[in-house]
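Please read the structure below before turning to the comments.
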Amino acid sequence: MSADLLTEFARPELVAIVGLTLRVTGTALFIACLVGVPLGAMLGLVRFRGQRLVTLTLYTGMGLPPVVVGLFVYMLLSRSGPFGALQWLFTPAGMIVAQTIIAFPLVAALTMSAVAGVDRAVHAQVFALGASRVQNAWTVVREARVGVTAAIVAAFGAAISEVGAVMLVGGNVQGQTRVLTTAIVLFTRQGDFAMAMALGIVLIVIAFAANLLLLRLQGRLGER
Amino acid sequence: MTGAEAVYRLESVEHRYGDRVVLQIDHLEVVRGETLCVVGPSGSGKSTLLRLLQFLERPTTGRVAFDSHEGGPDVSLEVRRQITTVFQRPIVLDRSVRANVGYGLRVRGIRDHATKVDELLTALGLSALASMPARTLSGGEVQRVAFGRALAFEPSVLLLDEPTANLDPRNARLVEDLIRERQRRGVTILLATHQTFQARRLGHRTAFLLDGRIVETGPTQEFFSAPRDPRTRAFLTGDMIY
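Here the protein sequences come in this chain order: V and C.
Under my numbering, think of the first position of the first sequence as 98, with each following residue one higher.
Under my numbering, think of the first position of the second sequence as 83, with each following residue one higher.
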């Protein structure tokens, strides 16, 4: 089994699958963070009418089953759907949309909680030191960086490990939309356990490496 | 101080938290370059007064003017950056001691501040702790970091809320020496303290605040040698004033 496993790592198909997984999840996470971190920070910093509704919506989004997201995106991108003209169904672009929808509420809601949890006295302290509104907000977000990092880590984990949405929207087409999770399902069904295991190990290594990177980034923000 | 230029002017200021009136000042001026010590027992409104002067809050009624500017949290950044507060319980950011001391310079866009920060760290006896996470420091060390952080960007107004409350006599002396240095440079200082001896050592003028009201204000020497109000006399002699 172990010799089989080692040969599986050399299969060129594996490289393509890993590459596509990183591209899809990386892009989805990037978009989710680009919108989710500022939005979450804003929700954690300011008070406004309807805030509870927005919070409730985000919390609900955190618990959305990926397969339901996949179904929703499938309907949107299908030929008869409102975005059918984009022709993104069964393409990496469609998979990115699905994973972004999965990752976004996690990033936004957990960032909001982390920022709202920063001691209010920090605002006054930073105000008194001459920070502008933007600098004040950025300082508070930096103070919440452990929570914000946790938000990104959680979103990354949810996106890279989900299978339902990418299976529905991507279709698991070899060389085109096959990612680690859908490939594991396929190879397990085919009885190719060595390949499935190899992919599983790669998935865990990627998750470990990505989290290590994020934690290092969090540490560097604390040093400056 | 008649004829001298007022930096702050408070007129008919009343500040409430809910139904509770915490500050009621008919008239108060703080003159440029002076050190006004505000003494009074805990809960007399000293910290609230400093919060209004820092423009963290707007008074419920009345006006707090800084130079010609009307005060409030929306006061311009340019005005705000002339003033800073060392709070009684300062908050240090989750960064190194050096980064904390340099924070005010950084937000002002002054990147090349290593020399300035190092000077202050040395003056405050914090050089050995420069790279330490500020949140791991003791209360007294945090107080010194907060003081250094406030001095770093050379504010023209320093609001000090019990700045030596957490310090041992040696470090209190160190901080008082730095306050004197700022006095010589013409910085306007408002020092809230319950330590009457500190007011005596540092104040040009001293005001006695009790239950949110200024009971008496006068030149420090006169204030301590011949207080006019019996409540001031009682406070200065350590008698119970309640």
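Using N, Cα and C, we set each Cβ at its ideal position, and we do this for glycine too.
Just so you know, these numbers come straight off a predicted model, no measurement behind them.
Discussion item. Suppose you measure from the CA of threonine 84 of chain C to the CA of glutamine 280 of chain C; what does that come to, to the nearest Å?
Written reply: Here residue 84 of chain C refers to the residue found at position 2 of the second sequence. Here residue 280 of chain C refers to the residue found at position 198 of the second sequence. Note that threonine 84 of chain C scores 48 on pLDDT, short of 50, meaning its location in the model is unreliable; the coordinates nonetheless yield the value given after this. The straight-line gap from Cα to Cα measures roughly 25 Å.
Item to complete: Verify the CB distance criterion: does threonine 84 of chain C have a CB-CB separation below 7 Å to chain V?
Response: The residue given as residue 84 of chain C occupies position 2 in the second sequence. Its pLDDT being 48, under 50, threonine 84 of chain C is placed unreliably by the model, and nothing is read from it.
Worksheet item: Taking DSSP as the reference, what is the three-state secondary structure of valine 237 of chain V?
Response: Taking the first sequence and counting its residues from 1, the one referred to as residue 237 of chain V is at position 140. Residue state, collapsed to three classes: helix.
Item to complete: State yes or no: is the C-beta of aspartate 149 of chain C nearer than 6 Å to some heavy atom of the ligand FAD?
Response: Within the structure as shown, the ligand FAD is missing, as the structure has no ligands at all.
Worksheet item: Whose C-beta lies closer than 7 Å to the C-beta of serine 175 of chain V among residues of the same chain, with five residues either side of it excluded?
Response: Here residue 175 of chain V refers to the residue found at position 78 when the first sequence is read from its first residue. Only Gly181 and Leu186 meet the Cβ criterion.
Worksheet item: By DSSP, does glutamate 87 of chain C sit in helix, in strand, or in coil?
Response: By 1-based counting over the second sequence, the position of residue 87 of chain C is 5. In the structure shown, glutamate 87 of chain C sits in coil (DSSP, three-state: anything other than H, G, I, E or B).
Discussion item. Spatial neighbours of proline 141 of chain C within its chain, please: C-beta separation below 7 Å, excluding the five flanking residues on both sides.
Written reply: As a position in the second sequence, residue 141 of chain C is number 59, starting the count at 1. For proline 141 of chain C, where only same-chain residues beyond five positions count, the Cβ hits under 7 Å are Val95, Glu96, His97 and Leu134.
Item to complete: Please state if the CB of phenylalanine 137 of chain C and the CB of valine 157 of chain C are separated by a distance shorter than 7 Å.
Response: Position 75 of the second sequence holds residue 157 of chain C. Position 55 of the second sequence holds residue 137 of chain C. Their beta carbons are under 7 Å apart, which means valine 157 of chain C touches phenylalanine 137 of chain C by this criterion.
Worksheet item: In angstroms, rounded to a whole number, what distance separates the CA positions of leucine 256 of chain C and alanine 210 of chain C?
Response: Counting from 1 along the second sequence, the entry for residue 256 of chain C is found at position 174. Counting from 1 along the second sequence, the entry for residue 210 of chain C is found at position 128. C-alpha separation (whole angstroms): 17 Å.
Worksheet item: If we call anything under 7 Å between Cβ atoms a contact, is valine 199 of chain C one with leucine 240 of chain C?
Response: For the purposes of this step, residue 199 of chain C is taken as the residue at position 117 of the second sequence. For the purposes of this step, residue 240 of chain C is taken as the residue at position 158 of the second sequence. No; because the gap between Cβ atoms is not below 7 Å, this pair is not in contact.
Worksheet item: When you compare each of C:Arg190, C:Arg188 and C:Leu249 to glycine 207 of chain C by their alpha carbons, which one comes out closest?
Response: Taking the second sequence and counting its residues from 1, one reaches residue 207 of chain C at position 125. Checking every option, the nearest Cα to that of glycine 207 of chain C belongs to C:Leu249.
Worksheet item: Hey, is valine 219 of chain V's beta-carbon within less than 7 Å of any beta-carbon in chain C?
Response: Numbered from 1 along the first sequence, position 122 holds the residue referred to as residue 219 of chain V. Yes, valine 219 of chain V lies at the interface with chain C (some Cβ there is under 7 Å from its Cβ).
Discussion item. What would DSSP say about leucine 260 of chain C, mapped onto helix, strand or coil?
Written reply: Within the second sequence, numbered from 1, the residue matching residue 260 of chain C stands at position 178. Three-state DSSP puts leucine 260 of chain C in a helix.
Discussion item. Can you list, in chain order, the residues of its chain with a C-beta nearer than 6 Å to that of leucine 117 of chain V? Leave out the 5 residues immediately preceding and following it.
Written reply: Looking up residue 117 of chain V in the first sequence gives position 20. Result list for leucine 117 of chain V: Val276, in chain order.
Discussion item. Just list the residues that DSSP pairs tyrosine 99 of chain C with in beta bridges.
Written reply: Residue mapping note: residue 99 of chain C aligns to position 17 of the second sequence, counting from 1. According to DSSP, which records beta bridges pairwise, tyrosine 99 of chain C is partnered with C:Arg102.
Discussion item. For a test of the three-state rule: what should DSSP assign to valine 174 of chain C, helix, strand or coil?
Written reply: As a first step, residue 174 of chain C is located in the second sequence; it is residue number 92 there, counting from the start. Looking at valine 174 of chain C - three-state DSSP - the assignment turns out to be coil, as it is neither helix nor strand.
Discussion item. Using 8 Å as the cut-off, can you tell me whether the segment 195-206 of chain V makes contact with the segment 243-261 of chain V, which would need three or more C-beta pairs spanning the two stretches below that distance?
Written reply: yes
Practice prompt. Output the distance between the C-alpha atoms of alanine 228 of chain C and aspartate 311 of chain C, rounded to the nearest integer angstrom.
Written response: Taking the first residue of the second sequence as position 1, residue 228 of chain C is located at position 146. Taking the first residue of the second sequence as position 1, residue 311 of chain C is located at position 229. Taking the straight line joining both Cα atoms gives about 35 Å.
Discussion item. Please classify histidine 220 of chain V as buried or exposed, where buried requires at least 16 neighbouring CB atoms within 10 angstroms.
Written reply: In the first sequence, counting from the first residue as 1, residue 220 of chain V sits at position 123. Per the 10 Å Cβ criterion, buried.
Worksheet item: When we look at the beta-carbon of phenylalanine 145 of chain V and count the other beta-carbons within 10 Å, is it buried (16 or more) or exposed?
Response: Taking the first sequence and counting its residues from 1, the one referred to as residue 145 of chain V is at position 48. Exposed: under 16 other Cβ atoms inside 10 Å.
Worksheet item: the segment 147-175 of chain C: which residues have C-beta closer than 9 Å to a C-beta of chain V, in chain order?
Response: Pro155, Leu159, Arg162, Arg163, Gln164, Ile165, Thr166, Thr167, Val168, Phe169, Arg171, Pro172, Ile173, Val174 and Leu175
Worksheet entry | Sheet register partners of glutamate 111 of chain C (DSSP bridge) | For the purposes of this step, residue 111 of chain C is taken as residue 29 along the second sequence, with counting starting at 1. Glutamate 111 of chain C is bridged to C:Arg91.
Worksheet item: If we count Cβ pairs, one from each stretch, closer than 8 Å, do we get three or more for the segment 161-175 of chain C versus the segment 201-221 of chain V?
Response: yes
Fill in: Environment of aspartate 176 of chain C [buried if 16+ CB atoms lie within 10 Å]
One-based indexing of the second sequence puts residue 176 of chain C at position 94. Buried: at least 16 other Cβ atoms inside 10 Å.
Practice prompt. Output the residue ranges of the alpha helix (DSSP H) runs that lie fully inside the segment 274-318 of chain V and measure 4 residues or longer, sorted by chain position.
Written response: 277-286
Worksheet entry | Where leucine 138 of chain C meets chain V, residues with beta-carbon distance less than 8 Å | By one-based count along the second sequence, residue 138 of chain C stands at place 56. Result: Ala221, Phe224 and Ala225.
Practice prompt. Determine the chain C residues that contact aspartate 324 of chain V at a beta-carbon separation under 7 Å, and present them in chain order.
Written response: The displayed coordinates of chain V run from 98 to 321. Any statement about residue 324 of chain V would go beyond what the structure contains.
Item to complete: Would you verify that the beta carbon of tyrosine 185 of chain C is, or is not, closer than 7 Å to some beta carbon of chain V?
Response: Looking up residue 185 of chain C in the second sequence gives position 103. Chain V contact via Cβ: present.
Worksheet item: So valine 266 of chain V packs on glycine 167 of chain V, CB below 8 Å; how close in whole Å?
Response: In the first sequence, counting from the first residue as 1, residue 266 of chain V sits at position 169. In the first sequence, counting from the first residue as 1, residue 167 of chain V sits at position 70. At roughly 5 Å, the Cβ-Cβ gap stays under 8 Å, so valine 266 of chain V and glycine 167 of chain V are in contact.
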